[in-house]
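Contents: one structure, followed by commentary.
In mature numbering (1 follows the signal peptide of the UniProt record, and there is no 0), the protein residues as written are -19 to -1, 1 to 212.
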């Protein structure tokens, strides 16, 4: 309670003559409200951009908010980088860093060094993920002027390189990771190429069946002629 009253005094000094501080019999303290609902209830006037300002003049230690119960402690704190030239906002649960937001707005979960807008060191469980494309969708495969590799060319490439044309090798995936948008479009391209191969093979099969049917009719004619000659 002594700490709370000290905070109240400091806030009262900051707010000046407009400060409205209420302490109820149950120990609830209100700033800007006469009906505090919690141990400390701060209410703005609708025009202030900031309602609560927690400041540490040191650019080495940063400012900290600690949340605790009878067993666990969690902390929200600002953590300056080396030299104090930039700052991170850290969320610490128990003894582990849960999340960090750096000065670029990059968010790291399970990591203190996010290298993208969201970097997660762990698994993701989601019902759906939407990825905006930065590469064209491969429907150009179905255009008349698209040069589809022949199957012997594909076979030769696979024998020489150990992976599909235009698809990175397993070693490259292991070293560089996977860009989902690009990989999905490349896999779609390969599916579309497979569809073209299948269509062509179906045409070849139909043509072969037509030849076989024609040859069968010719054989039947010859067999009939032989039977007639043998009489």
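All C-beta atoms, glycine included, are put in the ideal place defined by N, C-alpha and C. Here the structure is a predicted model, which is why all the values come from computation and not from measurement.
When secondary structure is reduced to three states using DSSP, residue 10 falls in the strand class. Scanning its chain for C-beta atoms nearer than 7 Å, with the 5 sequence neighbours on each side dropped, one finds around residue 78 the residues 71 and 93, in chain order. The region 184 to 200 and the region 154 to 170 do not touch, with fewer than three beta-carbon pairs separated by less than 8 Å. CA-CA distance, residue 149 to residue 59, rounds to 41 Å.
The region 121 to 140 and the region 81 to 91 do not touch, with fewer than 3 CB-CB distances between them shorter than 8 Å. By the Cβ rule, the region 112 to 128 counts as touching the region 165 to 174, because three or more pairs are nearer than 8 Å.
Unbroken beta strand (DSSP E) runs of no fewer than 3 residues, entirely contained in the region 115 to 175, are not found. For residue 198, the three-state secondary structure derived from DSSP is helix. Per DSSP, residue 36 lies in no beta strand (DSSP E) segment and is marked neither H nor E. Residue 191 and residue 183 have their C-alpha atoms spaced approximately 12 Å apart.
A direct Cα-to-Cα measurement between residue 146 and residue 134 gives close to 10 Å. The C-alpha of residue 49 is placed about 22 Å away from the C-alpha of residue 69. Taking C-beta atoms as the reference points, residue 25 and residue 32 count as a pair closer than 7 Å. Distances from the CA of residue 62 to each of 85, 75 and 166 were compared; the closest alpha carbon is that of 85.
Put simply, of 91, 161, 30 and 100 the residue whose alpha carbon is nearest the alpha carbon of residue 114 is 161. Beta-carbon to beta-carbon, residue 53 and residue 75 are separated by about 6 Å, close enough to satisfy the 8 Å threshold. Apart from the 5 residues on each side of it in sequence, residue 143 sits with its Cβ closer than 7 Å to the Cβ of 150 in its chain, given in chain order. The shortest C-alpha to C-alpha distance from residue 111 to any of 210, 165 and 95 is the one to 165. If you check the CB distance, residue 11 and residue 17 come in under 7 Å.
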